[in-house]
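Colleague:
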Amino acid sequence: PVPFQFFTVEGSRIDEGIMSRFHVVSPAEVRLRRFLKEKPRIGPSLVFTLLRVSEWAKSIQAGEAENPLRRKLTHSATGSEPIQQIAENLIERASGIERDLLLKSIQELLFYCVNFETNLNLEQIKTRLKGFLDQEKRFAFMQQFLCFYVFNYVSFYTSDSFRAMSSTPQVFEQEMEQVEKICERTVASALEPYEQAESVLDRTAAEELIQKIEQRLRGE
Numbered sequence: 766p767v768p769f770q771f772f773t774v775e776g777s778r779i780d781e782g783i784m785s786r787f788h789v790v791s792p793a794e795v796r797l798r799r800f801l802k803e804k805p806r807i808g809p810s811l812v813f814t815l816l817r818v819s820e821w822a823k824s825i826q827a828g829e830a831e832n833p834l835r836r837k838l839t840h841s842a843t844g845s846e847p848i849q850q851i852a853e854n855l856i857e858r859a860s861g862i863e864r865d866l867l868l869k870s871i872q873e874l875l876f877y878c879v880n881f882e883t884n885l886n887l888e889q890i891k892t893r894l895k896g897f898l899d900q901e902k903r904f905a906f907m908q909q910f911l912c913f914y915v916f917n918y919v920s921f922y923t924s925d926s927f928r929a930m931s932s933t934p935q936v937f938e939q940e941m942e943q944v945e946k947i948c949e950r951t952v953a954s955a956l957e958p959y960e961q962a963e964s965v966l967d968r969t970a971a972e973e974l975i976q977k978i979e980q981r982l983r984g985e
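The sequence shown lines up with residues 766 to 985 when you count with the working numbering.
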């Protein structure tokens, strides 16, 4: 028999206060909010790094991929080394766990964009990235980066709690799969208004975007 699962329905109003919508909160989402309650909030380094990633994505499309980077990359490097170099150059004002999460997320983003090939040199990586951006557009690139980061952040701070309440490893895997989907939906819904309006992602907009993502994750 399938056990009952209770869902919470919460109402929220859009900024203009004209329309309302309802969001069904799943059991996994309720647990996620509870586990995040006492955990550190997303740090400001994500905003600065997001802006650098956005700037770099624009430069790739313009054929000037190295301009926003702080130091010149080694063109002869192959394998994961150039991807790590790029990630380290793009991270802004971060240290400790926050830096580790950003580094992991950017590397995952880059491997995702090059179809997880690990034997590419720098020029091949830039060519693949330009092809991805030409096909998927910059907002898809930004969305994927945020999805990786938000899930890595959530996983780092809550996976032990989910593991402790899971009866088997399989249940834990299912829980984390649901958490990943929650993160993806949260990022997509927060980013959608900016994409539709084709907004320029400046510091104010980036701070607002990250704040919305975190508030929705925490149910605030």
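Just so it is clear, CB atoms sit at the ideal spot from N, CA and C, and this is done for glycine as well.
Tell me whether Glu-863 is buried or exposed, calling it buried when 16 or more other Cβ atoms sit within 10 Å of its Cβ.
Modeller: By the neighbour-count rule (16 or more Cβ atoms within 10 Å), Glu-863 is buried.
Colleague: When the Cα atoms are used, what is the spatial distance from Glu-940 to Asn-854?
Modeller: The straight-line gap from Cα to Cα measures roughly 34 Å.
Colleague: Tell me the rounded alpha-carbon separation between Pro-847 and Cys-878.
Modeller: Roughly 14 Å between the two C-alpha positions.
Colleague: Assuming Leu-811 contacts Ile-947 (C-beta within less than 8 Å), just tell me the rounded distance between them.
Modeller: Not a contact, Cβ separation roughly 18 Å.
Colleague: If I measure Cβ to Cβ from Glu-857 and keep anything under 8 Å in the same chain, skipping five residues before and after, which residues do I get?
Modeller: The residues are Ser-810, Phe-813, Thr-814, Leu-816, Arg-817.
Colleague: Going by beta-carbon coordinates alone, are Gln-908 and Val-936 separated by less than 7 Å?
Modeller: Not a contact, by the Cβ cut-off of 7 Å.
Colleague: What is the rounded straight-line gap between the Cα of Val-790 and the Cα of Arg-981?
Modeller: Cα-Cα distance, rounded: 11 Å.
Colleague: Indicate the three-state DSSP secondary structure (helix, strand or coil) for Val-915 in the structure shown.
Modeller: Val-915 falls in the helix class under three-state DSSP.
Colleague: Between the C-alpha atoms of Phe-910 and Ala-822, what's the straight-line distance to the nearest angstrom?
Modeller: Phe-910 and Ala-822: Cα-Cα distance of roughly 11 Å.
Colleague: Hey, Ile-825 and Lys-869: beta-carbon distance below 7 Å or not?
Modeller: Not in contact: Ile-825 and Lys-869 (Cβ atoms no closer than 7 Å).
Colleague: Decide if the region 922-929 is in contact with the region 792-809; the criterion is three or more beta carbon pairs, one per stretch, under 8 Å apart.
Modeller: Because the criterion of three Cβ pairs below 8 Å is met, the region 922-929 and the region 792-809 touch.
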